[in-house]
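Undergrad:
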Amino acid sequence: MKELIPTHRDNNGNILVSGRDLHKFLEVREKYTQWFERMSEYGFAENVDFTSLSEKSEKPFGGRPTVDHAMTIDMAKEISMLQRNEKGKQARKYFISIENKYKQSQLDTTNLSPELQMFNGLFKALAKNELATKQLDSKVDSISEIVAVSTKDWKNETNHLINKIARQQGNTGDAHRTIRTDIYADVDRRGGVSLNIRLTNLKRRMALEGASKTKLSKVNRVDVISQDKKLIEIYMAIVKEFAIKYGVWKDQY
């Protein structure tokens with residue numbers, strides 16, 4: 001099998017991938033450090049999913065640039081999928097093939113004794129791998145569903161995702177308000193707008209047109225967003241990113 005992206009093993013046999021090698025293969029135009037920082041916001045934890053490397057760090061990849069990261073193969077697969085392009089799909093399939101080859105190699109070289117201990121260990125390993133695979137598949141399927149959310153019924157779809165995020169944060173009123181506030185702040189920043197000012201202006205126009213106080217009290221920032229196609233796209237992208245970042249699939253297993 002042709003080596004598309006180098007992989008390495010640590011002392012515990014875990015498969016590691018250099019962040020810079022993956023960044024290069026994916027042909028990301030964004031600077032590596034900025035790209036990795038943004039990718040890390042999707043729920044990845046240092047010393048769990050990746051290890052930061054520097055000139056003073058032990059270098060499992062040999063001589064590397066000053067800043068690099070040793071990622072687990074699971075993290076590398078998820079990041080590849082998040083690119084939403086052909087290079088990302090190619091990288092993810094490649095990592096899956098590497099992982100499958102490694103698992104097969106582990107089974108082929110099992111050499112435990114006595115015989116009962118060997119079979120006991122083998123069954124435990126298979127059970128553990130099966131559980132991990134099912135959990136990862138569930139996570140991948142959930143992320144795919146989030147990414148696939150369309151603009152056809154964007155209000156209900158995004159509201160559904162926000163409710164899932166809130167459940168992960170305790171499902172309280174404060175959780176809902178905090179999440180929506182953070183999302184609207186990101187919309188302001190990315191869209192170069194002020195949703196609060198637009199909301200005030202919208203209510204003023206509606207009042208001049210004779211809207212009732214009850215109707216005015218129900219108008220919110222989502223109504224403002226609905227009047228601008230660009231803001232709808234920005235809002236949907238941000239909600240999807242929050243849903244992935246907060247791991248809305250975690251209550252499924």
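Counting from 1, one number per residue, gives the positions in the sequence shown under full-length UniProt numbering.
Every residue, glycine too, gets a C-beta built ideally from N, C-alpha and C.
Source: prediction; values computed, not measured.
#1: Considering only C-alpha positions, which residue in the set Arg9, Thr51, Ala70 is nearest to aspartate 21?
#2: Determine, using beta carbons only, whether arginine 180 and isoleucine 197 come nearer to each other than 8 Å.
#3: Can you tell me the Cβ-Cβ gap for valine 248 and lysine 155, rounded? I've got them flagged as a contact below 8 Å.
#4: Need the endpoints of the beta strand (DSSP E) that residue 288 sits in, please.
#5: Is the number of C-beta pairs between the segment 204-212 and the segment 231-244 that are closer than 8 Å three or more?
#6: Under the three-state reduction of DSSP, which class applies to leucine 4: helix, strand or coil?
#7: Rounded to a whole number of angstroms, what is the C-alpha to C-alpha distance between glutamate 241 and methionine 39?
#8: Please classify threonine 72: does DSSP put it in a helix, a strand, or coil?
#9: Could you pull out every residue in the same chain whose Cβ sits closer than 6 Å to the Cβ of isoleucine 98, ignoring the five residues on either side in sequence?
#10: So the candidates are Tyr32, Arg92, Glu86, Lys31; which of them puts its Cα closest to the Cα of glutamate 78?
#11: Can you tell me whether DSSP reads phenylalanine 50 as helix, strand or coil?
#12: How long is the line joining the alpha carbons of glycine 43 and lysine 245, rounded to whole angstroms?
TA: On the basis of the supplied data:
#1: From the listed residues Arg9, Thr51, Ala70, the smallest Cα separation to aspartate 21 is found for Ala70.
#2: no
#3: That pair is no contact at about 18 Å.
#4: Nothing in the structure corresponds to residue 288, since the chain is present only between 1 and 253.
#5: Taking 8 Å as the limit for Cβ pairs, the verdict is that the segment 231-244 does not touch the segment 204-212.
#6: coil
#7: 10 Å
#8: strand
#9: Thr7
#10: Arg92
#11: Strand, per DSSP.
#12: 5 Å
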